[in-house]
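Enquirer:
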Amino acid sequence: MQKQLNEKRGFANNPIVKAIGLQRIVVVLAVILEAVLFSILSPAFRQYATVVSILDYSYYITFMAIGVTFCLISGGNDLSVGTGMICYALAGGYLVQHMGWPVWGGMLVTIAIGLCFGVLNGAMVAIMNLPPFIATLCTMLITRGLGSILTGGMAVSWPSRNSAGGWFRSLFKIINNGKIIPVGFAIVIVSIILMSIVLNKTRVGRYIIAIGSNKEAARLSGVNVVKYQMLAYIISGFFAGLAGIAYSATFSSSVAPGTGAGLELDAIGGAIIGGTSMTGGQGSIIGTLLGVFVMSLLKTGLPYVGLQANWQQIITGIVLIVAIYIDVLKNKKTA
Amino acid sequence: MKKMLAIVLALMLVFSATAAFAADYEIVSKGFQHQYWQAVLAGAQAKAAELGVEINFVGPANESAYDEQLSQLNSAINAAPKAIGLAALSTETCLDAIKTAQESGIPIIGFDSGVPGAPEGAILANCATNNYNAGALAGEMVYAAIKDRIAAAEGTVRIGVSAQDAVSESVTQRGLGFIDKIGELAAADGYTVKLEGNEKYVNDAKVESVDDGKIVIETLVPSQVTAELSAIDCQNLLNKSDIIALYGSNQHSAEAMVTANENLQKLGTGEGQVIGAGFDSGAVIKAAVADGTFLGAITQAPFAMGEALVDTMVKAANGEAVEDIDTGCQWYTAENMNDDDIAINLYD
Chain A
2 MQKQLNEKRG FANNPIVKAI GLQRIVVVLA VILEAVLFSI LSPAFRQYAT
52 VVSILDYSYY ITFMAIGVTF CLISGGNDLS VGTGMICYAL AGGYLVQHMG
102 WPVWGGMLVT IAIGLCFGVL NGAMVAIMNL PPFIATLCTM LITRGLGSIL
152 TGGMAVSWPS RNSAGGWFRS LFKIINNGKI IPVGFAIVIV SIILMSIVLN
202 KTRVGRYIIA IGSNKEAARL SGVNVVKYQM LAYIISGFFA GLAGIAYSAT
252 FSSSVAPGTG AGLELDAIGG AIIGGTSMTG GQGSIIGTLL GVFVMSLLKT
302 GLPYVGLQAN WQQIITGIVL IVAIYIDVLK NKKTA
Chain B
207 MKKMLAIVLA LMLVFSATAA FAADYEIVSK GFQHQYWQAV LAGAQAKAAE
257 LGVEINFVGP ANESAYDEQL SQLNSAINAA PKAIGLAALS TETCLDAIKT
307 AQESGIPIIG FDSGVPGAPE GAILANCATN NYNAGALAGE MVYAAIKDRI
357 AAAEGTVRIG VSAQDAVSES VTQRGLGFID KIGELAAADG YTVKLEGNEK
407 YVNDAKVESV DDGKIVIETL VPSQVTAELS AIDCQNLLNK SDIIALYGSN
457 QHSAEAMVTA NENLQKLGTG EGQVIGAGFD SGAVIKAAVA DGTFLGAITQ
507 APFAMGEALV DTMVKAANGE AVEDIDTGCQ WYTAENMNDD DIAINLYD
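The listed protein sequences derive, respectively, from chains A and B.
Residue numbering for the first sequence is 2 to 336, as defined by this note's numbering.
Residue numbering for the second sequence is 207 to 554, as defined by this note's numbering.
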């Protein structure tokens, strides 16, 4: 037993494993395992269209998750991204559908409102010292109601692919003579690279990590805690806005007010599965992307192997328990 | 003491203000998530203006918000209106409130899916689409389009049904009407049917399900009402090798069909394509019907429903006898969707 344990530790201490991170290796393996398993079990799953669909449905979650990762690393959380994303998309879409705004104008408004709520969340957490869970729970409610009010309770249809203004859908997917190119993935990759650099190589990222590890220590070493904590939420608001655009572009469905609650859990779940610590100070953007794929593959794959609706939620719940338990174990080790 | 007086005065002011704004007729809908409700509202407003009455039209944030709708119904009862219009999300949740209204002598008129299973005499009349018949109409149209393919198929053929839920009376009736009609027409042609998928639909359909049925009717219901999960359901159905038709029983499900089809490109009326049928309208579904992605779709008559509701409420308040009104439905296709009698019920 002891020998086995030592071997395990030996694997974890292997320099290559250490460099990449044990959790990240586990997550990559999980993604591969899921893909292989679903492909073996369902012939329909093994096709290009399925890959495109998984990507389609992962864009908006990935964007939300990138933002939430910054909040989690700062020791906070952002529950408002799900209903927020819908609210921002409703506002932008309303201007386009009913007020004759150009699509790019609607997109800018979508992001701008996201930024505003980011500032609001940040101010409540960093300046007013409200617990992040409560502060963003409140903005979750506010954005949910606001979305309905702004549109008079109406669902909003962003322009469809073939109509005037439908070009924005091609930002995420080009359909040409039956050929489908999921170009949105390039936007996701660029965002991942950029935000990885921000997190690891810039002052903003390093200070956010420092605040998440030990807020008091960060303050004492001269970090402007209020400013950088706020920035984490502003980043989250920006990406929630981006998620709103991605959502509107990838789904033909109209954006319906009152929806979005629960979507933030996909984003937070993705970040946590990807190795971001619930208690702050640790996390990576690439890990988050991988975590989102674990969730997206489950969601798309399970129906293909005949596991309906409620089973998906049960399995997703179990996966999250495992991920959080790994986080707890990691923290124990460092403590 | 002065403070107390001020508070009391302020409270009185608030109460008198709300009393002054109280409308004669309270209408509690299922919310405004789908544009369909805007057309109901427009019809109700038009009739109210015509009759010179005041209405207050409310609805919860979404169609799962049972509690929110209940509190809206309670507020409506507290406003002591001449009549209440109600489209209940869940009859059970509203039961106590309905009894209170009954005891207070406020007549309730059901609309849209009405208030199924309400206690005897509580609902004076319903102004609604007969959803079962509407689903059956879709079934009839789809069957006519696939009849030859069923005959030509060597093995099984599959007809998919994407349903938003298995709880709401309107959604389930539209699904069951569709399934039963297909079953009836199939039996008349000598085919057997196998039902698969969501248990509610499998158990409640009148169709006799046999294990080696030639026609498989599979109904999928998502665990949560999100665009993504319903699109995945539709994709899953479209990917089955024996699928020949797919039906989405409300705006949400029909839009999910369009999303799913974007990557798969399987829906259409051409050779080897999957026949699609939707329900309700909205820009997305109208475009799908117009460009041939869908064979057609069912539209209710929401504007007429809103008008009929207000008309019936006023009659009930005046003590006149009222009765159920079927506000009707239509099958629209690329060919007839611009006809005046249909276009008035299609909304963006």
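For every residue, glycine included, the Cβ atom is placed at its ideal position computed from N, Cα and C.
Keep in mind it's a predicted model, so treat the numbers as computed, not measured.
Taking only heavy atoms of the ligand FAD into account, decide whether any of them is closer than 6 Å to the Cβ of residue 406 of chain B.
Expert: Ligands displayed in this structure: none; no statement on the ligand FAD is therefore possible.
Enquirer: Among B/303, B/312 and B/258, which residue has its Cα nearest to the Cα of residue 278 of chain B?
Expert: Comparing Cα-Cα distances from residue 278 of chain B to each of B/303, B/312 and B/258, the minimum goes to B/303.
Enquirer: Looking only at C-alpha atoms, which of B/523, B/345 and B/457 sits nearest to residue 552 of chain B?
Expert: Checked all of B/523, B/345 and B/457; the closest Cα to residue 552 of chain B is B/457.
Enquirer: Counting only Cβ pairs nearer than 8 Å, list the residues of chain B close to residue 300 of chain A.
Expert: Under the 8 Å cutoff, chain B gives 434, 435 and 438.
Enquirer: Count the other CB atoms within 10 Å of the CB of residue 455 of chain B; is the residue buried (16 or more) or exposed (fewer)?
Expert: Classification of residue 455 of chain B: buried, given that the 10 Å Cβ count is 16 or more.
Enquirer: So, under 8 Å CB-CB, residue 234 of chain B and residue 292 of chain B are touching, yes? Tell me the CB distance rounded to an integer number of Å.
Expert: That belief holds up - the Cβ atoms of residue 234 of chain B and residue 292 of chain B are roughly 5 Å apart, short of 8 Å.
Enquirer: Apart from the five residues on each side of it in sequence, which residues of its chain come closer than 7 Å, Cβ to Cβ, to residue 343 of chain B?
Expert: So the qualifying residues of the chain are 504, 535 and 537.
Enquirer: So the alpha helix (DSSP H) residue 263 of chain B belongs to, where does it begin and stop?
Expert: Not the alpha helix (DSSP H): residue 263 of chain B falls in the beta strand (DSSP E), residues 261-264.
Enquirer: Residue 72 of chain A and residue 233 of chain A: beta carbons closer than 7 Å?
Expert: For residue 72 of chain A and residue 233 of chain A, yes; Cβs fall inside 7 Å.
Enquirer: How should residue 128 of chain A be labelled, buried or exposed, when 16 other C-beta atoms within 10 angstroms of its C-beta is the threshold for buried?
Expert: It is exposed - the Cβ of residue 128 of chain A has fewer than 16 other Cβ atoms within 10 Å.
Enquirer: Could you name the residues of the segment 463-490 of chain B whose beta carbon sits closer than 7 Å to any beta carbon of chain A, in the order they occur along the chain?
Expert: Within the segment 463-490 of chain B, the qualifying residues are 464, 465, 468, 469, 470, 471, 488, 489 and 490.
Enquirer: Relative to chain B, which residues along the segment 180-191 of chain A have a C-beta separation below 8 Å, given in chain order?
Expert: Answer set for the segment 180-191 of chain A: 181.
Enquirer: Is residue 189 of chain A helix, strand or coil by DSSP?
Expert: In the structure shown, residue 189 of chain A sits in a helix (DSSP, three-state: H, G or I).
Enquirer: Along chain B, which residues have their Cβ under 8 Å away from the Cβ of residue 53 of chain A?
Expert: In chain order: 469.
Enquirer: May I ask you to list the residues that DSSP assigns as paired with residue 532 of chain B?
Expert: DSSP, once it has assigned bridges, lists B/334 as partnering residue 532 of chain B.
Enquirer: Looking at the unbroken beta strand (DSSP E) that takes in residue 425 of chain B, where does it start and where does it end?
Expert: That run of the beta strand (DSSP E) goes 421-426.
Enquirer: Which first and last residues belong to the alpha helix (DSSP H) in which residue 1 of chain A is found?
Expert: A query on residue 1 of chain A cannot be resolved here, the shown segment of chain A reaching from 2 to 336 and no further.
Enquirer: Determine the DSSP secondary structure at residue 244 of chain B, reduced to helix, strand or coil.
Expert: Residue state, collapsed to three classes: helix.
Enquirer: Is there contact between the segment 198-210 of chain A and the segment 180-187 of chain A, where contact requires at least three CB pairs shorter than 8 Å?
Expert: The segment 198-210 of chain A, when compared against the segment 180-187 of chain A, does not touch it at the 8 Å Cβ threshold.
Enquirer: Thinking C-alpha only, which one of B/397, B/328 and B/238 is nearest residue 354 of chain B?
Expert: Closest by alpha carbon: B/397.
Enquirer: Look at the Cβ atom of residue 267 of chain B, then the Cβ atom of residue 259 of chain A, and state whether they are nearer than 7 Å.
Expert: Yes, the pair counts as a contact, with Cβ atoms nearer than the cut-off.
Enquirer: For residue 446 of chain B, does the three-state DSSP call read helix, strand or coil?
Expert: Correct three-state label for residue 446 of chain B: coil.
Enquirer: Let me check understanding here. Comparing Cα to Cα, which of A/239, A/154, A/59 and A/48 lies closest to residue 290 of chain A?
Expert: Checking every option, the nearest Cα to that of residue 290 of chain A belongs to A/59.
Enquirer: Run through chain B and tell me which residues come within less than 7 Å of residue 304 of chain A, C-beta to C-beta.
Expert: Result: 438, 439 and 442.
Enquirer: Exposed or buried, which one is residue 155 of chain A when buried takes at least 16 other CB atoms within 10 Å?
Expert: Residue 155 of chain A is buried by the Cβ-count criterion.
Enquirer: Whole angstroms is fine: what's the gap from residue 513 of chain B's alpha carbon to residue 507 of chain B's?
Expert: When rounded, the distance between both Cα atoms is 10 Å.
Enquirer: Could you compute how far the alpha carbon of residue 246 of chain B sits from the alpha carbon of residue 518 of chain B?
Expert: Rounded to whole angstroms, residue 246 of chain B to residue 518 of chain B spans 14 Å at the Cα level.
Enquirer: Should residue 310 of chain B be labelled buried (16 or more other beta-carbon atoms within 10 Å of its own) or exposed?
Expert: That one is exposed.
Enquirer: Does residue 234 of chain A get closer than 7 Å to chain B when you measure Cβ to Cβ?
Expert: Residue 234 of chain A does not count as touching chain B.
Enquirer: If you count every other CB in all the chains shown that lies within 10 Å of the CB of residue 226 of chain B, and 16 or more means buried, which is it?
Expert: Only weak support is given to the placement of residue 226 of chain B: the predicted model assigns it a pLDDT of 42, under 50, and the value that follows is read from those uncertain coordinates. The residue in question, residue 226 of chain B, is exposed, as its Cβ has fewer than 16 Cβ neighbours within 10 Å.
Enquirer: Taking the alpha carbon of residue 462 of chain B as the point to measure from, which residue in B/446, B/475, B/438 and B/481 has its own alpha carbon closest?
Expert: Minimum Cα distance to residue 462 of chain B is reached at B/438.
Enquirer: Looking at chain B, which residues of the segment 144-159 of chain A have a Cβ within less than 8 Å of any of its Cβ atoms?
Expert: So the close ones are 145, 146, 149, 153, 154, 155, 156 and 158.
Enquirer: Do the CB positions of residue 224 of chain A and residue 211 of chain A come within less than 7 Å of each other?
Expert: Contact flag set, yes.
Enquirer: Looking at the strands, I want to know which residues DSSP matches up with residue 473 of chain B.
Expert: Residue 473 of chain B pairs with B/480.
Enquirer: Okay, do the segment 300-318 of chain A and the segment 91-106 of chain A touch, 3+ Cβ pairs below 8 Å being the bar?
Expert: At 8 Å Cβ cutoff, the stretches do not touch.
Enquirer: Can you find a C-beta in chain B that's less than 7 Å from the C-beta of residue 101 of chain A?
Expert: For residue 101 of chain A, the answer is no, since every Cβ of chain B falls outside 7 Å of its Cβ.
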